[in-house]
Amino acid sequence: MGNRNLKLLDLIDKEKNIYEIISELAQRSHELMKGALPSIEIKKGENLIQVAIEEYLQKIKIKK
């Protein structure tokens with residue numbers, strides 16, 4: 001999947017406050033930790049923060 005952090009920063013294009021995005025990602029990560037189902041296919045034991053970032057990247061790509 002490559003470096004998701006760089007992909008995220010590249011896609012933002014200063015359209016949205018990075019701190020708002022970080023807050024959204026943190027909230028989604030907590031939801032995943034509490035047992036929410038991911039919207040993407042993941043491997044067992046994958047870092048849930050990275051899962052939240054990948055979900056966000058896919059959401060952005062769909063909008064563009």
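Numbering (my numbering), first residue to last: 1 to 64.
Cβ coordinates follow ideal geometry from the N, Cα and C atoms, glycine included.
Here the structure is a predicted model, which is why all the values come from computation and not from measurement.
- Within its own chain, no residue has a Cβ closer than 6 Å to the Cβ of D10 once the five positions on either side in sequence are excluded.
- A straight-line Cα-Cα distance of about 10 Å links K43 and V51.
- Assigned with DSSP and collapsed to three states, K43 falls in coil, not helix or strand.
- Here the alpha carbon of H30 sits roughly 13 Å from the alpha carbon of I53.
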